[in-house]
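Asker:
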């Protein structure tokens, strides 16, 4: 039988797989399958429907074949390292000054390592309440992989009653987060010499009008008094953001094309569809103005992803379990998104709780404190005691 690896040894293995969202995660999935199988654990692979040769999710069950277990939910993909100044190889787990450095060390392969460790321990020690593992793909590009994963689990493994999504929270329970809707915007202009730009349509300059509308929306929302749910978040309102822009061919030509993503982070209780409607109203207004100059000009908007808000709920069994383990009764709501909302939509009680600091995620020299990894192992020990 394969020796049982420690959480640190497992983390070292996982970091070595460069599972950036734009490439395959199958090597990591295959290694995890083999490691679990070597300890007598059957796992279930679910290939991504649109890219089955590139990506897959994985889930597994240990314990009696009954409902009411606990799911440890993690994602396998990480963000790119290109353009970042790393002090060591991002794909080699490296210890310096009490911290473990590597891409995904915090977000969220440390939790993945702990989840694998806990599942193997549950198999060897025995549990009377089931423990499940659920690893997704494409979390970093909209959390869409979790939709397929949640659906694939139904009827294959018994329905659990609690899901712990292990995003980095310094092992403190988080019970709500904003939702997210994102769009790909393509502004189609008309090229003319910039000396007569009024006879053409600059895709960049008209795109800037839509971006400036985003600034106005943010200012208006920031000035309004927040409702009781919005007040739990920082910032306490729905905001809209554009993080990239590209287009144009030369300084003396009005840009024929301009592309940028545009996304809303929506407070729970607000309807994401209403924000989409406001966006499309503004697009229609700008289209009319552009087409008054040149009829062929237009702004096209394509939906990229839709992540529902994760809303606090009464009687949340996952929250109660994590509060019992951590002894933490603080109320925490965050503005970033996680796969918790898709599990919640699938009928599970959910809490977000994992080792590491989200502020270090996605940065060059991403790392996790060794002490946090040890604390995560103690968290899993206490979970196993409750399941036993």
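Residue numbers (UniProt numbering): 1 to 388. The C-beta atom is built at its ideal place from N, Cα and C for all residues, glycine as well.
Three-state secondary structure (DSSP) at residue 137?
Answerer: The residue you call residue 137 lines up with position 137 of the chain shown. Residue 137 falls in the coil class under three-state DSSP.
Asker: Which residue's Cα is closest to the Cα of residue 332: 233, 266, 293, 121?
Answerer: Along the chain shown, one-based indexing puts residue 332 at 332. That would be 233, whose Cα lies nearest to the Cα of residue 332.
Asker: Report the start-end ranges of each alpha helix (DSSP H) in the stretch 50 to 127 that is 4 residues or longer and not cut off at the edges.
Answerer: Those alpha helix (DSSP H) runs which fall completely within the stretch 50 to 127 and span 4+ residues are 109 to 125.
Asker: Once you ignore the five residues that flank residue 244 on each side, which residues in its own chain have a CB closer than 7 Å to its CB?
Answerer: Taking the first residue of the chain shown as 1, we reach residue 244 at position 244. Excluding residues within five positions, the ones whose Cβ falls inside 7 Å are 260, 261.
Asker: Counting pairs of beta carbons, one from the stretch 291 to 302 and one from the stretch 149 to 168, are three or more of them closer than 8 Å?
Answerer: With the cut-off at 8 Å, the stretch 291 to 302 and the stretch 149 to 168 do not touch.
Asker: Roughly how many angstroms separate the alpha carbons of residue 295 and residue 198, rounded to a whole number?
Answerer: Residue 295 sits at position 295 when you count from the first residue of the chain shown. Residue 198 sits at position 198 when you count from the first residue of the chain shown. Taking the straight line from one Cα to the other gives about 14 Å.
Asker: Alpha helix (DSSP H) containing residue 341: first to last residue?
Answerer: In the chain shown, counting from the first residue as 1, residue 341 sits at position 341. Counting along the chain, the alpha helix (DSSP H) containing residue 341 begins and ends at 340 to 345.
Asker: Determine whether the beta carbon atoms of residue 8 and residue 367 lie at a separation below 8 Å.
Answerer: The sequence position of residue 8 within the chain shown is 8, counting from 1. The sequence position of residue 367 within the chain shown is 367, counting from 1. No; because the gap between Cβ atoms is not below 8 Å, this pair is not in contact.
Asker: Residue 59: which of 148, 268, 103, 106 sits nearest, CA to CA?
Answerer: As a position in the chain shown, residue 59 is number 59, starting the count at 1. Checked all of 148, 268, 103, 106; the closest Cα to residue 59 is 148.
Asker: To the nearest angstrom, how far is the alpha carbon of residue 394 from that of residue 42?
Answerer: Past the edges of the chain, shown from 1 to 388, lies residue 394, and the structure says nothing about it.
Asker: Which residue's Cα is closest to the Cα of residue 266: 229, 159, 293?
Answerer: The count along the chain shown starts at 1 and reaches residue 266 at position 266. Checked all of 229, 159, 293; the closest Cα to residue 266 is 229.
Asker: Terminal residues of the continuous alpha helix (DSSP H) containing residue 7?
Answerer: On the chain shown, position 7 is the one that residue 7 refers to. 7 to 15 is the extent of the alpha helix (DSSP H) around residue 7.
Asker: Buried or exposed for residue 126, going by 16 or more other Cβ atoms inside 10 Å?
Answerer: On the chain shown, position 126 is the one that residue 126 refers to. Classification of residue 126: exposed, given that the 10 Å Cβ count is below 16.
Asker: For the beta strand (DSSP E) that contains residue 258, what are its first and last residues?
Answerer: Residue numbering aside, residue 258 sits at position 258 when the chain shown is read from its first letter. Per DSSP, residue 258 belongs to the beta strand (DSSP E) from 257 to 266.
Asker: Kindly list the residues whose CB is nearer than 6 Å to the CB of residue 54, restricted to its own chain and excluding five residues on each side of it in sequence; keep chain order.
Answerer: Position 54 of the chain shown holds residue 54. For residue 54, where only same-chain residues beyond five positions count, the Cβ hits under 6 Å are 24.
Asker: Given 8 Å as the limit, is there contact between the stretch 106 to 124 and the stretch 354 to 364, that is, 3 or more CB pairs closer than that?
Answerer: The answer is yes - the stretch 354 to 364 touches the stretch 106 to 124, with three or more Cβ pairs under 8 Å.
Asker: Which residue marks the beginning of the alpha helix (DSSP H) containing residue 281, and which one marks its end?
Answerer: As a first step, residue 281 is located in the chain shown; it is residue number 281 there, counting from the start. Its alpha helix (DSSP H) spans residues 272 to 293.
Asker: Exposed or buried, what is residue 196 when buried is set at 16 or more other beta-carbons lying within 10 Å of its beta-carbon?
Answerer: Taking the chain shown and counting its residues from 1, one reaches residue 196 at position 196. When all chains shown are included, residue 196 counts as exposed.
Asker: Return the Cβ separation of residue 237 and residue 224 in integer angstroms, given the expectation that the two are a contact with Cβ distance under 8 Å.
Answerer: Translated into the one-based positions of the chain shown, residue 237 becomes position 237. Translated into the one-based positions of the chain shown, residue 224 becomes position 224. Indeed they touch by this definition, with Cβ atoms about 7 Å apart.
Asker: How would you call residue 336, buried or exposed, if buried means at least 16 neighbouring beta carbons within 10 angstroms?
Answerer: Locating residue 336 in the chain shown gives position 336, counting from the first residue. Residue 336 should be labelled exposed.
Asker: Less than 8 Å between the C-beta atoms of residue 32 and residue 388, yes or no?
Answerer: Along the chain shown, one-based indexing puts residue 32 at 32. Along the chain shown, one-based indexing puts residue 388 at 388. In this structure, residue 388 does not lie closer than 8 Å to residue 32 by Cβ.
Asker: Is the number of C-beta pairs between the stretch 314 to 332 and the stretch 79 to 93 that are closer than 8 Å three or more?
Answerer: No contact exists between the stretch 314 to 332 and the stretch 79 to 93.
Asker: Please go through the stretch 318 to 374 and give each complete alpha helix (DSSP H) segment of 4 or more residues, from N-terminal end onward.
Answerer: Runs of the alpha helix (DSSP H) inside the stretch 318 to 374: 340 to 345.
Asker: Check whether the stretch 175 to 189 touches the stretch 368 to 377, taking contact to mean three or more Cβ pairs, one atom from each stretch, closer than 8 Å.
Answerer: Flag = no, the stretch 175 to 189 and the stretch 368 to 377 do not touch.
Asker: Measuring straight from C-alpha to C-alpha, what distance separates residue 75 and residue 37?
Answerer: In the chain shown, residue 75 corresponds to position 75, counting from 1. In the chain shown, residue 37 corresponds to position 37, counting from 1. One C-alpha to the other measures close to 20 Å.
Asker: In this structure, what does DSSP give as the bridge partners for residue 418?
Answerer: The shown model of the chain, from 1 to 388, leaves out residue 418, and the question about it has no answer.
Asker: If we ignore side chains and look at the alpha-carbon of each, how far apart do residue 44 and residue 382 end up?
Answerer: In the chain shown, counting from the first residue as 1, residue 44 sits at position 44. In the chain shown, counting from the first residue as 1, residue 382 sits at position 382. Approximately 26 Å, taken between the alpha carbons.
Asker: Roughly how many whole angstroms lie between the Cα atoms of residue 133 and residue 62?
Answerer: Counted from its first residue, the chain shown places residue 133 at position 133. Counted from its first residue, the chain shown places residue 62 at position 62. For residue 133 and residue 62, the distance between alpha carbons rounds to 9 Å.
Asker: What did DSSP end up calling residue 217 once you bin it into helix, strand or coil?
Answerer: Taking the first residue of the chain shown as position 1, residue 217 is located at position 217. DSSP places residue 217 in helix when its eight states are reduced to three.
Asker: Spatial neighbours of residue 348 within its chain, please: C-beta separation below 6 Å, excluding the five flanking residues on both sides.
Answerer: Taking the chain shown and counting its residues from 1, the one referred to as residue 348 is at position 348. So the qualifying residues of the chain are 163.
Asker: Would you check if the distance between the CB atom of residue 189 and the CB atom of residue 256 is smaller than 8 Å?
Answerer: Position 189 of the chain shown, counted from the start, is the residue given in the question as residue 189. Position 256 of the chain shown, counted from the start, is the residue given in the question as residue 256. Yes, they are a contact pair.
Asker: Quick one: measure Cβ to Cβ for residue 93 and residue 376, integer angstroms, because I've assumed they're closer than 8 Å.
Answerer: Position 93 of the chain shown, counting from 1, holds the residue named residue 93. Position 376 of the chain shown, counting from 1, holds the residue named residue 376. Not quite, the Cβ-Cβ distance comes to about 15 Å (not below 8 Å), so this is no contact.
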